[in-house]
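Residues in the sequence shown are numbered consecutively from 90, following the working numbering.
Ideal placement from N, C-alpha and C gives every residue a C-beta, glycine not left out.
Just so we're clear, the structure is a prediction, and the values are computed from it rather than from any experiment.
What follows is a single structure, written as C-alpha cells, with notes after it.
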Amino acid sequence: MTIRKFAQLDVLGTWRMPALSRYPDAMSAKIYHGQKCYGPQCDRPAQCKDMCLGHYQQAAAGKPLSVIVPRKPKDQGKIAAWRILQQELGSETHKVCIDCLKLLPKEEFYYRDDSFDGLRNDCASCSISRMRDTPSKLARQASSREREVIQDLVDYSRSRADWYQKNKERLRPFHAEAERRRRVRKRSGDVRIIQPRDIDHLICLYRGICAYCKSAPWDALDHVIPVVRGGRQSIGNLLPVCTSCNQSKHDKTVMEWRIWRLRHAA
90 MTIRKFAQLD VLGTWRMPAL SRYPDAMSAK IYHGQKCYGP QCDRPAQCKD MCLGHYQQAA
150 AGKPLSVIVP RKPKDQGKIA AWRILQQELG SETHKVCIDC LKLLPKEEFY YRDDSFDGLR
210 NDCASCSISR MRDTPSKLAR QASSREREVI QDLVDYSRSR ADWYQKNKER LRPFHAEAER
270 RRRVRKRSGD VRIIQPRDID HLICLYRGIC AYCKSAPWDA LDHVIPVVRG GRQSIGNLLP
330 VCTSCNQSKH DKTVMEWRIW RLRHAA
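In C-alpha cells form, the structure reads like this:
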C-alpha cells in the first residue's frame, strides 16, 4: 500500500491526518485537477491534500476517514415545474414557493443574501414546517445522550439482577431480618438493630438446635414475646427454633404455647 505524503496510517488501519495547524485552509488549498479523492469509496475530485473537502474536514478534525453518505437527491421534476411557474406567474411583488408551488406575496418569504432576488425559494410556512420536522443539532445530541443514559440504566439493572441471582442465598438472612424489622415497625415502632454476629452468637449458644424442643435443628428465629403482643425486635427477644415449633407457637407466648401442647397431647 502506498502511503500518501501527508497522511498517516494508525494502528487500526485507518488514514489519519496530522493537526490542521500545519496545513493551509481548505478553501485556499491547491486544486488537483484530474485526480480523485483517495478516501474510502469516494469518487469525488481531489481539492485539498489529495482529498475532497469532506474527507479533508474529517482528517483535519483528527477523525478516521469514513465513507461520506451523499445527500438525498432533489426532485428535479418539481424544480423544473417551479421554474416554469416562476417564469409565468412571478412578478416584482409575488413569487412561487418551491415546496408548495403556490403564488404568494414576497412578504411571505424570508431574506437570503446569496439568492438572485434576496429571498428564499420556500415560503415562511414551508420553511417553519421543515425545521419542525428536521431535528436540530442540539436536539440530535440530546436524543443521543438520552439513548446513552437509557442504555446505561438498562446495563446497570441487568448487572444488579445478575449479581442478585449469584448472591441470593447469602442475602437471605438479611432479607429475613429486614422483614422482621418491617413487621415490628408496623406494629409498635420499636425496632433495635441486630448485628449478624449477635445472631451467630445466639445460634452457637443453643448449638444450632431448636431452643424449644431441643432436638430438631434450627430453621428460623422466633420472637419469645410475639410482635402482635407488643414484643420488641431485639436480640433478647429472639430464639432459634425449628419449623414445627415456630408454626405451632404462632402468636402465643411460651407459657401459653406449652399449655396448648399439653392439652392437645392429652
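Cβ contact annotation for Leu193 (same chain, cutoff 7 Å, sequence separation greater than five): His183, Lys184, Cys186 and Cys212, in chain order. By the Cβ-count criterion, Leu294 is exposed, with fewer than 16 other Cβ atoms from all chains shown falling within 10 Å of its own Cβ. In the DSSP assignment, Leu208 falls within the unbroken beta strand (DSSP E) covering Leu208 to Cys212. Annotation: Arg236 to Val243 spans about 10 Å, alpha carbon to alpha carbon.
Look at the beta carbons and you see the stretch 334-350 touching the stretch 294-309: at least three pairs across the two are nearer than 8 Å. Runs of beta strand (DSSP E) with 3 or more residues, each lying fully within the stretch 283-336, are found at 309-312 and 327-330, listed in chain order.
If you draw a straight line from the Cα of Glu181 to the Cα of Lys195, it comes to about 8 Å. For Pro194, the secondary structure class from DSSP, reduced to helix, strand or coil, is strand. Around the Cβ of Pro285, a 10 Å sphere holds fewer than 16 other Cβ atoms; the residue is exposed.
The DSSP-derived three-state label of His183 is strand.
Under the three-state reduction of DSSP, Lys125 is assigned to strand.
Nearest neighbour of Glu268 by Cα position, chosen from Leu291, Ala250 and Val316, turns out to be Val316.
Less than 9 Å separates the beta-carbon of Ser323 from that of Ile283.
For Met344, the enclosing alpha helix (DSSP H) begins and ends at Val343 to Ala354.
Short of 8 Å from the beta carbon of Pro262, and not among the five residues preceding or following it, lie these beta carbons of its own chain, in chain order: Pro285 and Ile288. Leaving aside the five residues that flank Pro306 on each side, the residues in its chain whose CB is nearer than 8 Å to its CB run, in chain order, Gly297, Ile298, Cys299 and Cys331. Non-local beta-carbon contacts of Ala309 in its own chain, meaning distances under 7 Å to residues more than five positions away in sequence, involve Val330, Thr332 and Asn335 in chain order. When the five nearest sequence neighbours on each side are left out, the beta carbons in the same chain lying within less than 6 Å of the beta carbon of Tyr127 are those of Asp139, in order along the chain. With fewer than 16 other Cβ atoms from the protein chains shown falling within 10 Å of its own Cβ, Asn256 counts as exposed. Taken through DSSP and simplified to helix, strand or coil, Cys215 comes out as helix.
Looking only at Cys141, Arg219 and Leu260, the smallest Cα-Cα distance to Cys189 is reached by Arg219.
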